[in-house]
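Enquirer: First, the structure itself, so that you have it in front of you.
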Amino acid sequence: MLRPVRYLAPALALLLLAGCGDSGPTPEEQVRAAVAEFGEATVAKDYQALCDEILAPALVEQVTAIGLPCEVALEQGLGAVRDPRLTIGSVQVDGESASVEVRTSAAGEAPSKDTLKLVNVDGTWKISSLGT
Numbered sequence: 389m390l391r392p393v394r395y396l397a398p399a400l401a402l403l404l405l406a407g408c409g410d411s412g413p414t415p416e417e418q419v420r421a422a423v424a425e426f427g428e429a430t431v432a433k434d435y436q437a438l439c440d441e442i443l444a445p446a447l448v449e450q451v452t453a454i455g456l457p458c459e460v461a462l463e464q465g466l467g468a469v470r471d472p473r474l475t476i477g478s479v480q481v482d483g484e485s486a487s488v489e490v491r492t493s494a495a496g497e498a499p500s501k502d503t504l505k506l507v508n509v510d511g512t513w514k515i516s517s518l519g520t
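FYI, the numbering for the sequence shown is 389 to 520, going by this note's numbering.
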């Protein structure tokens with residue numbers, strides 16, 4: 389009766405080890421995902437998500453320095469933008485900070501090439517600067 393268990397134990401050990409090999413997305417992949425999420429929230433005009441989940445706390449402080457809540461300030465600044473698009477270019481990760489080259493465009497506006505800055509805040513990449 390012990391024989392089936394003896395063969396099952398090594399198989400289970402192999403399955404567990406195979407699962408341990410998946411280390412998850414690389415920092416570059418995480419940064420790309422964060423920038424993609426920023427683009428999607430911008431298209432959706434989801435200012436709440438931008439302020440609460442996507443922008444770094446220091447950038448939210450800069451946005452609110454004009455005396456308006458973050459969501460209201462972003463709506464005033466981005467609300468009239470039609471059909472925004474963001475294309476992610478090269479990504480550079482340096483420890484807890486990253487920079488991403490992006491191309492942006494919107495209906496009725498000239499395309500722009502910018503560099504977004506990101507910081508890692510408690511394990512999550514967040515936008516710390518909207519363009520340089």
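For each residue, glycine too, the CB sits at the ideal point set by N, CA and C.
How would you write the range of the alpha helix (DSSP H) that proline 445 sits in, first residue to last?
Expert: 445 to 452 is the span of the alpha helix (DSSP H), which, as asked, contains proline 445.
Enquirer: Considering only C-alpha positions, which residue in the set Thr503, Glu425, Thr492, Ala446 is nearest to aspartate 471?
Expert: Of the listed residues, the one whose Cα sits closest to aspartate 471 is Thr492.
Enquirer: So, under 8 Å CB-CB, alanine 422 and lysine 514 are touching, yes? Tell me the CB distance rounded to an integer number of Å.
Expert: Correct: roughly 7 Å between the Cβ atoms.
Enquirer: Mapping DSSP to helix, strand and coil, what is valine 423?
Expert: In the structure shown, valine 423 sits in a helix (DSSP, three-state: H, G or I).
Enquirer: Using CA atoms only, rank isn't needed, just tell me which of Gln464, Glu416, Gly496, Ser517 is closest to aspartate 502.
Expert: Per the Cα distances, Ser517.
Enquirer: What is the DSSP secondary structure of glutamate 463, counted as helix, strand or coil?
Expert: It is helical.
Enquirer: Ordered along the chain, which non-local residues of its own chain (more than five positions away) have a Cβ less than 7 Å from that of glycine 427?
Expert: Excluding sequence neighbours, glycine 427 sits near Leu474.
Enquirer: Beta carbon of valine 507, beta carbon of serine 478: below 8 Å?
Expert: No, they are not a contact pair.
Enquirer: Reducing DSSP to helix, strand and coil, say where glutamate 497 ends up.
Expert: Strand, per DSSP.
Enquirer: To the nearest angstrom, how far is the alpha carbon of alanine 453 from that of alanine 461?
Expert: Taking the straight line from one Cα to the other gives about 10 Å.
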